[in-house]
Structures are given as C-alpha cells and as structure tokens.
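Data block below; observations after.
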Amino acid sequence: MMKELLVHLDELNIHIKNLDDKIDNFMKPEEKQASQAIQNVTGIGNTSAQAIISVIGADMNRFPADRHISSWAGLCPGDNESAKKRKSGKTRKRNVLLRTTLITCAHRRLKRAYVAVAHSMLIAIYHILKDGVIFKDLGADYYNQFNKERKINAYLKKLKALGWEAP
Numbered sequence: 001m002m003k004e005l006l007v008h009l010d011e012l013n014i015h016i017k018n019l020d021d022k023i024d025n026f027m028k029p030e031e032k033q034a035s036q037a038i039q040n041v042t043g044i045g046n047t048s049a050q051a052i053i054s055v056i057g058a059d060m061n062r063f064p065a066d067r068h069i070s071s072w073a074g075l076c077p078g079d080n081e082s083a084k085k086r087k088s089g090k091t092r093k094r095n096v097l098l099r100t101t102l103i104t105c106a107h108r109r110l111k112r113a114y115v116a117v118a119h120s121m122l123i124a125i126y127h128i129l130k131d132g133v134i135f136k137d138l139g140a141d142y143y144n145q146f147n148k149e150r151k152i153n154a155y156l157k158k159l160k161a162l163g164w165e166a167p
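In this text, residue positions in the sequence shown follow our numbering: the first is 1, and each later residue adds one.
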C-alpha cells in the first residue's frame, strides 16, 4: 500500500513540475524578474511569488502609493472611529487570491514565532503532567525580568545607532 502511495506521489510531483514549467514559460521576462525579486521577502517562495505577480503584475505605477494597493487587496484594516473611540477594524474582502496568498506567506514567516510559543506550551504541559502543578500565566513581563542589564545595554546600543546621545 505504501509503495502505491509513493508511486502516486511521484506522479503528482511530475504533474506539479509540468504545471510549474508551463507557468514559467507563460510569464513575461519582467514578471519573472519581479517574481525573483519578491522571493527575497521571508516567507515568499516561488509559487507564492508567481501567484502574487499574476494578480498585481510587475508595474506598480497603477498604484499611486502603498496604501492604495493595500486597500485594493483588502489588507488594510478599516479605520472606523467615532467620538475618539475606535470601532471594528475589520478588513474588507477584496482580492481573495492575493489576500490568501499573502496571509499564508505571513503565516510561514511567523512560523519561527509559532514554534517558540509551541515550545513554551509544551514545557508548561510537561511540568503540569510531571509535577502535578496547576498552570499559572506568568504575565507578559515575565521574560523581561531575565538578563536586565544585557537588555538595557542592547537597547542603549540601538538608541545610539539611531542617533540618540545619553544626557
């Protein structure tokens, strides 16, 4: 049964490669170049880059500013404010393919953070099950308590790099 599944997987990989080749042959040189350029963004691979370029194209002159393409894609949250109170910041559903592709890429980019959080959760689960302790959220500031001096020095170094001088 496993042999049959592996053969089927190989067949599917051949179909995918054939489709990738057809897409690559269909793309114009400037689209290929744009696709390669945006693959430098963490989380964006070849397939995602091709999907993005197929939707927005390589020429950004049709969007006067970045906020215009964000709005067009439905990726900028609404700004509903009344009496200095912010209401729902829900995004609008605009270009579904572009929006879904970019959200998937963002998910991949944040995968390292997800893995770190999953690691912390697993450590907590381990201690709950092994030691019989009850979970207690240590708070958002818990990790800031470690290596305070090193963090202070790192932040001071960043401030100096930005041009700030200590009084």
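Ideal placement from N, C-alpha and C gives every residue a C-beta, glycine not left out. Being a predicted model, the structure only gives us computed values, none of them experimental.
Asked	Found
With 16 as the cutoff for other CB atoms within 10 Å, does A49 come out buried or exposed?	buried
Run through DSSP, which three-state label would T42 get?	coil
Please look up how many angstroms separate the CB atoms of R99 and G74, rounded, as I've assumed it's under 8 angstroms.	5 angstroms
Can you tell which of C105, N153, H127 and R94 has the C-alpha that lies nearest to the C-alpha of N40?	C105
Can you grab the Cα-Cα spacing for the pair N46 / R109, in whole Å?	15 angstroms
Quick one: any contact between the stretch 116 to 133 and the stretch 54 to 63, if contact means 3 or more CB pairs under 8 angstroms?	no
Between the alpha carbons of D141 and N95, how many angstroms are there, rounded?	39 angstroms
Specify, as a first and last residue, the run of the alpha helix (DSSP H) that I125 falls within.	K111 to D131
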